[in-house]
Structures are given as C-alpha cells and as structure tokens.
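Trainee: Each residue of the sequence shown is one higher than the last, beginning at 3 in the numbering used here.
Note that CB positions come from ideal geometry on N, CA and C, so glycine has one too.
Keep in mind that this is a model prediction, so the values were computed, not measured.
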Amino acid sequence: MVEPPPEKLTPELVFREYAPRIYGIARRMLGNDADAEDVMQEVLLQVIRKLDTFRGDSQIGTWLHRITVNAALAHRQKRANRQKHEVGETGDELDRETPSAPVKRWAVSPEEPVLAAEQHELIDKAIKTLPTPFRDVYVLADVEGVPNPEIADMLGLSVPAVKSRLHRARLWMRDALAPHFEGGMAS
Numbered sequence: 003m004v005e006p007p008p009e010k011l012t013p014e015l016v017f018r019e020y021a022p023r024i025y026g027i028a029r030r031m032l033g034n035d036a037d038a039e040d041v042m043q044e045v046l047l048q049v050i051r052k053l054d055t056f057r058g059d060s061q062i063g064t065w066l067h068r069i070t071v072n073a074a075l076a077h078r079q080k081r082a083n084r085q086k087h088e089v090g091e092t093g094d095e096l097d098r099e100t101p102s103a104p105v106k107r108w109a110v111s112p113e114e115p116v117l118a119a120e121q122h123e124l125i126d127k128a129i130k131t132l133p134t135p136f137r138d139v140y141v142l143a144d145v146e147g148v149p150n151p152e153i154a155d156m157l158g159l160s161v162p163a164v165k166s167r168l169h170r171a172r173l174w175m176r177d178a179l180a181p182h183f184e185g186g187m188a189s
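In structure tokens:
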C-alpha cells in the first residue's frame, strides 16, 4: 500500500487498512483473541485522539506498530498485576500460561495443506513455550520483521540485549522443533 500523506489520513482509512495488522501483532504478543481485540480497540482509540499529531516523520505503519507494541506490553502488565492481586500468582506463574487457540501465520501451500497445518501448529506451540521476554523479541524480529534497533527502542532494551534474546529464542525454537523436523519432515 502506498501511504497517503499525513494530511490525508483519516481514522476510517487507518482502521480499514491497518486494523488486521494491529490485531495480528497484538494477538501474537498476547496469545489470545480477547486481549488482542482489547489492544486493537485501545490503539484505534489512540489513533482517533492523536492522528492529528502524526507529522509523517516515519511511515504510518511504523507509527502504528510502535503504538500497538506499547499497548500490548501495557495490557500484559495490567493483566499480570490484576491477576497477581486477584489470585496471588507470581510473575513466573503467569509466564507459564499458554493461550488456548493456535496463532495462524504463514500461507499454507496448496499442495501440502495437512503437512503445512501440522508444521504451523508445531511452530505455534513452540513460540508459546518461549519465556515472555524472548517471545516478544522473537515475534517482533522473526515473525513481524522489525529491525533490531526498532525492537530495542520499543522494548526499552539495548541492541545487544535484543540480539542476545533473539539468539536465545532461536536456540530455544531450534531445540523445541528439531525432533519434529529432522530429515525435513514433520513427525
């Protein structure tokens, strides 16, 4: 999509063109539909309130990506605090939670839909086992394609910390997926 100049942006245009991407980022970061919908609504409300402050220094997609990541991180923190107060759980117990539905990504090949679906499910399950700090970096870098300096800025980390977490996440994923993909076939 060719991005319109800032003066041509409307909340309706942003919603129509970017809501699916906003939802997808939030869904991958938070792991469930309800939280992703809450974050998407929060982001779209922020867009309505702040669209006139967008100067066009970056692309609208980059601006929305940053707002979405920040909103997802804030939502996760609020949820963790609420759950900690409600049931006395610790942050470590919250990190072990797993979302109930698989996250769908990557196009399924028409020649091998069953194999592709099985592979995607295995990858989704492996992503869900990543500890939260590694999952955030992995999703942003390897799923969303965000550059390391941007991830560092979004998450308040140094670039070396992002690289370290990404490396550890990739090792974790390799170890989790190796038994299923050795020899190039899913078991």
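Work out the CA separation of Gln85 and Glu91 for me, nearest whole Å.
Mentor: Here Glu91 scores only 46 on pLDDT, less than 50, and its place in the model should not be relied on; the value that follows carries that caveat. When rounded, the distance between both Cα atoms is 7 Å.
Trainee: Here's the rule: buried if 16 or more other CB atoms are within 10 angstroms of the residue's CB, otherwise exposed. What is Glu14?
Mentor: It is exposed - the Cβ of Glu14 has fewer than 16 other Cβ atoms within 10 Å.
Trainee: How would you write the range of the alpha helix (DSSP H) that Arg160 sits in, first residue to last?
Mentor: Checking the sequence shown, residue 160 turns out to be Ser, not Arg. Here Ser160 belongs to no alpha helix (DSSP H), and DSSP marks it neither H nor E.
Trainee: On the DSSP letters alone, give me the boundaries of the alpha helix (DSSP H) that Asp59 sits inside.
Mentor: Asp59 -> no alpha helix (DSSP H), and no H or E assigned at all.
Trainee: In whole angstroms, what separates the C-alpha of Arg78 from that of Asp54?
Mentor: For Arg78 and Asp54, the distance between alpha carbons rounds to 28 Å.
Trainee: Could you give the DSSP three-state label for Gly26: helix, strand or coil?
Mentor: Helix, per DSSP.
Trainee: Please state whether DSSP places Leu15 in a helix, a strand or coil.
Mentor: Helix at Leu15.
Trainee: Given this structure, state the Cα-to-Cα distance separating Asp37 from Lys10, to the nearest angstrom.
Mentor: Their Cα atoms are separated by approximately 30 Å.
Trainee: Among Arg30, Ile24, Lys165, Asp59, which has the Cα closest to the Cα of Val45?
Mentor: Comparing Cα positions, the closest option is Ile24.
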